[in-house]
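Protein chains in written order, with this note's numbering: chain A, 1 to 209; chain B, 1 to 209.
These notes concern the structure reproduced below.
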């Protein structure tokens, strides 16, 4: 945010801590302008990262019963709300674009995390950056469930809209199954359902075997 | 969602419960198409309800220390994530449009809540509709804090973008102060800050006294 604003009386009289919090909140507005490959269900436009993150948090609230018992769904919700924040700088990387994923994604996203989370007071920075790293590492039950939902949501958008990004980018079913395996680590019942959706998408000819 | 999809094998083999959950999740996609009066910070377009709800959940995570100690911030986050869902049917009512607020808002929103939350299995419907009613009633500490953030976010968008909806709809400072009083019930430190922002907006001539 333009530093001039922070020279004005409301910020002169506020704590440095509140100024940092407001600065971060304003920065977040940019996530509404980061576009994903996925379209809305009615195909009217591309989905953006902010509304995608909101949709995932709703999925977590509605589908929590399919997580393993040790999952803390409140942590999953928080993780999903911040999981794409780094894309303000790093941009969205299409999950089926393997060269981009392999080449530079991690590096770009780490630099972005350092810049963006550093807008916050130190304690909040540490809290959120470690939550983001946990999501990225997919090493805890909370992170596995969060990552599974992050795969399930675009799969639903594709299945219910004639193939969506699968058709447009000629993604074969084998690749979809491989990427969606993340859901098997999140929840066996959801994975059974997803396998059936993928097979049916092939049957419906909106996904090529 | 088109009932035909639910006749296909993935849903024939899934529980009725999962079918209802997926139906609700798909319905949620429509919130991305409900536009608010507020613009994004860069003034490029109107904000939609889904990304607004996401932004509010981020505010709750970042500003939780300004809530009174009895506030359960996880409940506040959930409340904010669903607080605008009824606008899928009822549309967004501009907070300064007092005739619409008084006339039909409650009725339209109740009908919408009944239709939309009824897509869910009974237990989830009860849970979410009572969370939504709590938010609307603003009678608990959690609901008061959530409602305060729902006022603070558009105020920040207006202050940091030359007046935004205040200028466009000729809203005077007295009305802004009256509507923003909700924040005083949410948090005294945030209210002190907001009062200062409103006075400075008058000073900057982006809001008329």
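Don't be surprised by glycine CBs; every beta carbon is placed ideally from N, CA and C.
{"query": "Run the CB neighbour count on residue 38/A, radius 10 Å, all protein chains shown included, and call it buried at 16 or more, exposed below.", "result": "buried"}
{"query": "What did DSSP end up calling residue 64/A once you bin it into helix, strand or coil?", "result": "helix"}
{"query": "List, in chain order, every chain A residue whose beta-carbon is nearer than 8 Å to that of residue 33/B.", "result": "40, 42 and 44"}
{"query": "Where does residue 83/B land, buried or exposed, given buried means 16+ other C-beta within 10 angstroms?", "result": "buried"}
{"query": "List the residues of chain A whose Cβ lies closer than 7 Å to the Cβ of residue 78/B, in chain order.", "result": "61"}
{"query": "Anything in chain B within Cβ reach of residue 54/A, meaning under 7 Å, just list it in chain order.", "result": "50, 51, 53, 54 and 81"}
{"query": "May I ask you to report which of helix, strand or coil DSSP gives residue 154/B?", "result": "helix"}
{"query": "From this set, 63/A, 185/A, 31/A and 175/A, which residue's C-alpha is nearest residue 92/A's C-alpha?", "result": "31/A"}
{"query": "Counting contacts by CB-CB distance shorter than 8 Å, is residue 9/A in contact with chain B?", "result": "yes"}
{"query": "Tell whether a beta-carbon distance below 8 Å holds between residue 75/A and residue 40/B.", "result": "no"}
{"query": "Quick one: which unbroken beta strand (DSSP E) runs of 3-plus residues sit fully inside the segment 39 to 63 of chain B? Chain order, please.", "result": "46 to 48"}
{"query": "Do residue 21/B and residue 88/A have their CB atoms nearer than 8 Å?", "result": "no"}
{"query": "Among 108/A, 67/A and 157/A, which one has its Cα closest to the Cα of residue 44/A?", "result": "157/A"}
{"query": "Which of the three DSSP states is assigned to residue 35/A in this structure?", "result": "strand"}
{"query": "Does any residue of chain B have a CB that is nearer than 8 Å to the CB of residue 158/A?", "result": "no"}
{"query": "Check each candidate in 123/B, 27/B, 169/B and 181/B and name the one with the smallest Cα separation from residue 145/B.", "result": "181/B"}
{"query": "Looking at chain A, which residues of the segment 135 to 159 of chain B have a Cβ within less than 7 Å of any of its Cβ atoms?", "result": "156"}
{"query": "For residue 172/B, does the three-state DSSP call read helix, strand or coil?", "result": "strand"}
{"query": "With 8 Å as the threshold, decide whether the Cβ of residue 5/B is near any Cβ in chain A.", "result": "yes"}
{"query": "For the alpha helix (DSSP H) holding residue 88/A, just list the boundary residues, first then last.", "result": "87 to 90"}
{"query": "Are there 16 or more other CB atoms within 10 angstroms of the CB of residue 55/A, so buried, or fewer, so exposed?", "result": "buried"}
{"query": "Here's the rule I'm using: 16 or more other beta-carbon atoms within 10 Å means buried, otherwise exposed. How should residue 52/B be labelled?", "result": "buried"}
{"query": "Would the segment 176 to 193 of chain B and the segment 106 to 123 of chain B be scored as touching if the rule is three or more Cβ pairs under 8 Å?", "result": "no"}
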